[in-house]
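Structure first, commentary second.
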Amino acid sequence: MIRAAIVEDDERYREQIHGFLKRYGESRNILMEITEYGDGAAIVENYSPCQDVIFLDVEMPGMDGMKAAHRIREKDAQVVIVFVTGVARYAVKGYEVGALDFILKPMKYESFAQKMNRIVRMADHSSEKNIVISSGNDVYRIPVSHLVYVEVIRHQVIYHTEEQEIRVRSSLKEAENLLLENGFEKCNSCYLVNLRHVRGIQDNSVLVGEERLQISRAKKKAFIQAVTAYIGEQ
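Heads up: the sequence shown begins at 10 in the working numbering, then just goes up one per residue.
Given below as structure tokens:
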């Protein structure tokens, strides 16, 4: 499935892109989940990093496409952005926000389909799984490989990534539901460890990233078996 957002103030172009996406999906047996927005401010407000591709008109009243793209990039470094414009000179500015491509108006399906081929190849070749978590008014999409371990302190769950710590009011059980099938294992009731970041086990501790985390007696056998099995699969 491809999740696509269309941000365009002109209803005619919104309908055209929507039709192109449906036609492309039907021709290649790809399910398309399509969301439409009438301006940049509409997608930026309460943006959640769950889209695969955003078709973003450059010139719109209110918040234009470039400003919207900068705001989107603050929360989502991975979503594919394709600008839709009638002015080719905007292509240079697109590099500032990591735009994949441009579609020039008036649009033709053949050119659109070629760009979609590239987008689908990117989605197919990306084996990286991501999780989406919310912290207050902020939403984060975290590559699973960047998540080192998860810690629970009272009613707060801390996601320790390679770059930062993200704190949310939640439970470790909710983190388990997201991660236990993605190479994570509990070493005690407070920690959920990404096995790819395990550097070793010493006595009753696991060395993960730059940390030393305690392994409980009850979890030790199962945890060591999980680490051994993970290493054997690599």
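Note that beta-carbon positions come from the ideal geometry of N, C-alpha and C, so glycine has one too.
Bear in mind that the values here come from a model prediction, so they are computed numbers and not experimental data.
Residue j beta carbon less than 7 Å from that of residue i
i: Tyr168; j: Tyr200; result: no
i: Gly95; j: Lys124; result: no
i: Val161; j: Leu188; result: no
i: Glu45; j: Ile15; result: yes
i: Pro58; j: Val177; result: no
i: Leu109; j: Val88; result: no
Run of the alpha helix (DSSP H) containing residue i, from where it starts to where it stops
i: Arg82; result: 74-84
i: Glu185; result: 181-188
i: Leu52; result: Correcting the residue identity first, residue 52 is Ile in this sequence and not Leu. It spans 49-53 - the alpha helix (DSSP H) in which Ile52 sits, taken as one unbroken run.
Residue environment, residue i, which counts as buried when at least 16 other CB atoms sit within 10 Å
i: His206; result: buried
i: Met75; result: buried
i: Lys195; result: buried
i: Glu17; result: buried
i: Gly209; result: exposed
i: Gln25; result: buried
i: Gly34; result: buried
i: Met69; result: buried
Residue i - containing beta strand (DSSP E), residue span
i: His169; result: 165-170
i: Leu30; result: Segment 20-37 is the alpha helix (DSSP H) holding Leu30; no beta strand (DSSP E) there.
i: Val91; result: 89-94
i: Leu201; result: 200-203
Nearest-angstrom Cα separation, counted from residue j out to residue i
i: Asp66; j: Phe121; result: 15 Å
i: Ser143; j: Asn186; result: 15 Å
i: Ala50; j: Ala77; result: 7 Å
i: Ile140; j: Gln165; result: 18 Å
i: Val215; j: Asn203; result: 11 Å
i: Gly107; j: Lys228; result: 44 Å
i: Arg226; j: Asp212; result: 11 Å
i: Glu171; j: Ile128; result: 27 Å
i: Asn38; j: Gly28; result: 15 Å
i: Val153; j: Phe193; result: 10 Å
i: Gly47; j: Val53; result: 11 Å
i: Leu156; j: Arg221; result: 16 Å
Distance between beta carbons of residue j and residue i, contact taken as under 8 Å
i: Arg12; j: Asp85; result: About 12 Å; that fails the 8 Å criterion.
i: Gln223; j: Asn197; result: 6 Å
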